[in-house]
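Here the numbering used here runs 407 ahead of the position in the sequence shown, where the first position is 1. Here the structure comes first, spelled out in C-alpha cells, and everything after it is commentary.
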Amino acid sequence: MACIVGYFEITFFIFTPKWDNIDAFLPYRHIVGTWISNGHFPLWNPYQLLGYPIHSDPQSGAWYPIVWLLSLINEYDLYSINIELSLHYFIGGLGMFMLGRTLKIKDSIAFIMGLTYMFSGFMVGTSQIMVMIIAAAWLPFSINYLLISLKKPTFKNLFLLAFVNFLSLTGSYPAMTIILVYIYLMIAGFYLYLYFKKQFSLKTILIVFGVQTVLLLLLTGGYFYSIYEMLPYMARAGGIPYSDSLFAKVGFPIQGFISFLLPYATVANTELFQTDISMINGYFGLFSVVFIIYGLIYYRSKKLIVLVLSAAFILMIAAGMQLPFHYFLYQFLPGFNLFRHPSIFRIYALFLLIIASGYSLNLYSEDPKKFKNISLVLKIGIAFFLVVVIVGAIKTNYTLMDDYFRALIQLKEKSPLNLSGHILIQGTIQLIFLTIAWFLAKKGKLNTRKI
C-alpha cells in the first residue's frame, strides 16, 4: 500500500518516467515482448542498426523472467513500464525488510528500513533508468540470502541465492552486476579473515561460494554465451575513455550531498549541481540521519562506525571526476573501465547508511534510559534547520511563488523556483518534523519499545 500511494503517479499511470525508459527500454522490451507473445525466443531486433541480435543486449530484458511474464500477460507498452517499475520498488522495500530481520533487527524497525529504501533518493531520482532500479531492488535480496547461506548452507538457501542473483543479473544494469561481484569478493575476504582467526569454517565458505557459482552458471549459461558471442561487436567491450564528455555529468557531485537533508533542492531551477538530475538525490530519511548521529555519539559501536565510514568512502567514489577515487578504480580494477555513471555507487552508500540507522534505532529501542539524549540531537537539528529556513527566506525570489504553486498543482516536470526557494520549503518541512519529534521526546513518548 505504501508503494502504491507513495508512487501514485506511476502506480495510477498518471506519468511514465521518460528519457532512457522511453527512448531505450520501452522499444527493447516491446520487441522482446512481441517475440515472446508469439511463442518465440527474442533473437533479433530488425529496427535498429540494420538489425542486431537483441538477445545479446544485457539491458534489453530478453533473459529477464519478469519481462517475459509481463509480455505473456499483455503486449509490453507504457503501462507495462509503470507496472515493472512499481513492482521493483516493492521488491526493493521487501528485500531490505527481510535483510533487517536477518540482521536481527526488530520487525517494526526492519519495516521502517524497507520503506526508507523504497523511497530513498536513488529510487526516486533514478526512476528514468529502469535497469538501475532493478539492480537496486535485488541488492538487499542478494546480500540477505548470502548471509543466510553462510549461516545455514542448505541446498534450498543456496538455490534461492543463485536464483535471486540470476534475476539481478538478467534484469539489471551490467555495471551494477560488476560491482555486486566485487561486493561478494569483499564479503568472501571478510569470512576468510574470520577463518584465519578461527571464528568461521573454511568448508562453509567454499561450499557457499562454490555451489552458488555453479548454480548461477547453470541458470545464466545462455545469457552469458549470448553476450560472449557478441563481444567483438560491442564498442564498450574494449573499455571507454575517461573523458569529461563521458564522465563529467554522471557523478554524484559533492554539492549533491545537500540532498541528504534537503532532497527537494535537487529539482530546483539551478545550475549548482552541474550533472544529470537523475544523479544527484542521495536522500535516505531525515530521522535516519538523526539516529546515525545519535548512535555515533552515544553508542560508538564498531559495527556502526564501520558502516558509516564505508558509506563515506563509497560516496567519495560516487563523486566521480571531482575526487580521484573513482579514477583509481577505473585504472586498476578489472571491469570498472566498461561503464560510466559513478553516481550509481550512492545506492551502496545509502544501503549501508539505512542499515546503520536501523541498527542504531534498534539499540535505542532497547535502551529507554537514552530517551533524554535523543532530545539533544533533535535540538541540534532544529537549530540547524532554523538557520537554513532563515537563509532560504532571505534569498528566495518570491515573485516566482505564483508560478511555482501553479506548476505544483498541475504536476509539471520543472519547477520555476530557485534553489533558495526549494531550500526554504524543504527546510520548513524538516523543521516541523524535528520539532514534533523533540516535543514527543520531551514528553517521553518516543518509547520505541511500543513500536
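Each residue gets a CB set at the ideal place from its N, CA and C atoms; glycine is no exception.
Legend entry - 7 Å Cβ cutoff met for G440 and S478: Less than 7 Å divides the Cβ of G440 from the Cβ of S478.
Legend entry - Other residues of its chain near L601: CB distance less than 6 Å, five sequence neighbours each side excluded: If we look at L601 and ignore the five residues flanking it on each side, its Cβ neighbours are F607.
Inset, instruction - Would you mind working out which of S467, M728 and A675 sits nearest I541, comparing C-alpha positions? - result: Residue S467 holds the alpha-carbon nearest to the alpha-carbon of I541 among S467, M728 and A675.
Legend entry - Beta-carbon proximity of R707 to A725, cut-off 7 Å: When the beta-carbon positions are compared, R707 and A725 stay at least 7 Å from each other.
Legend entry - For G413 and Y771, the rounded distance between their alpha carbons: Approximately 27 Å between the Cα atoms of the pair.
Inset, instruction - Reducing DSSP to helix, strand and coil, say where Y459 ends up. - result: DSSP places Y459 in strand when its eight states are reduced to three.
Inset, instruction - Please state if the CB of M525 and the CB of G500 are separated by a distance shorter than 7 Å. - result: Yes, the pair counts as a contact, with Cβ atoms nearer than the cut-off.
Inset, instruction - Please list, in chain order, all residues of the same chain as M637 whose beta carbon is under 7 Å from its beta carbon, the five residues on each side excluded. - result: Only P460 and S463 meet the Cβ criterion.
Legend entry - Strand pairing of N428, partner residues [DSSP]: For N428, which the question treats as bridged, DSSP gives no partner whatsoever.
Inset, instruction - With a floor of 3 residues, list each beta strand (DSSP E) that falls wholly inside the stretch 566 to 607, ordered by position along the chain. - result: Within the stretch 566 to 607, no complete beta strand (DSSP E) run reaches 3 residues.
Legend entry - Euclidean distance between Cα positions of L669 and W451: Each residue's alpha carbon lies about 46 Å from the other.
Legend entry - DSSP-derived helix/strand/coil call for P551: According to the sequence shown, residue 551 is Asn rather than Pro. DSSP, read as helix, strand or coil, puts N551 in helix.
Legend entry - Where the alpha helix (DSSP H) through N489 begins and ends: According to the DSSP assignment, N489 belongs to the alpha helix (DSSP H) that extends over L485 to T509.
Legend entry - Exposed unless 16 or more other CB atoms sit within 10 angstroms - verdict on S650: Flag for S650 reads exposed.
Legend entry - L587 to I839 span [Cα, whole Å]: Approximately 39 Å, taken between the alpha carbons.
Legend entry - N452 - DSSP class collapsed to helix/strand/coil: It is a strand residue.
Inset, instruction - Counting only the same chain and skipping the five closest in sequence on each side, list residues whose C-beta sits under 7 Å from that of A469. - result: Result list for A469: V439, P449, I461 and H462, in chain order.
Legend entry - Cα-Cα separation between I512 and M520, rounded to whole angstroms: I512 and M520: Cα-Cα distance of roughly 10 Å.
Inset, instruction - Could you check which residue in F667, P547 and F746 has the C-alpha nearest to that of Y755? - result: Considering only alpha carbons, the answer is P547.
Inset, instruction - Check the C-beta distance from G828 over to T673 and give it rounded, since I have them as a contact under 8 Å. - result: Between T673 and G828 the Cβ distance is about 13 Å, and since that is not below 8 Å, they are no contact.
Inset, instruction - May I have the straight-line CA-CA distance separating V621 from T835, to the nearest angstrom? - result: Taking C-alpha positions only, V621 is separated from T835 by approximately 54 Å.
Inset, instruction - Return no unless some Cβ of chain D is closer than 7 Å to the Cβ of Y706. - result: No chain D is present in this structure, which holds just one protein chain.
Inset, instruction - Look up N676 in the DSSP assignment and say whether it is helix, strand or coil. - result: Looking at N676 - three-state DSSP - the assignment turns out to be coil, as it is neither helix nor strand.
Inset, instruction - Inspect the beta-carbon positions of L760 and R643 and report whether they are closer than 7 Å. - result: Taking 7 Å as the Cβ cut-off, L760 and R643 do not qualify as a contacting pair.
Inset, instruction - Identify which residue in V657, A675 and K656 has its Cα closest to the Cα of I665. - result: That would be A675, whose Cα lies nearest to the Cα of I665.
Legend entry - Backbone secondary structure at V657 - three-state DSSP: Of the three classes helix, strand and coil, the one that applies to V657 here is coil, per DSSP.
Legend entry - Presumed contact (8 Å Cβ cut-off) between V474 and P560, rounded CB distance: 31 Å between Cβ atoms; not a contact.
Inset, instruction - Determine the DSSP secondary structure at L394, reduced to helix, strand or coil. - result: Because the chain here runs from 408 to 858, residue 394 falls outside it and cannot be looked at.
Inset, instruction - Give the straight-line distance between the Cα atoms of M728 and N481, rounded to the nearest whole angstrom. - result: Per the coordinates, the alpha-carbon of M728 lies some 43 Å from the alpha-carbon of N481.
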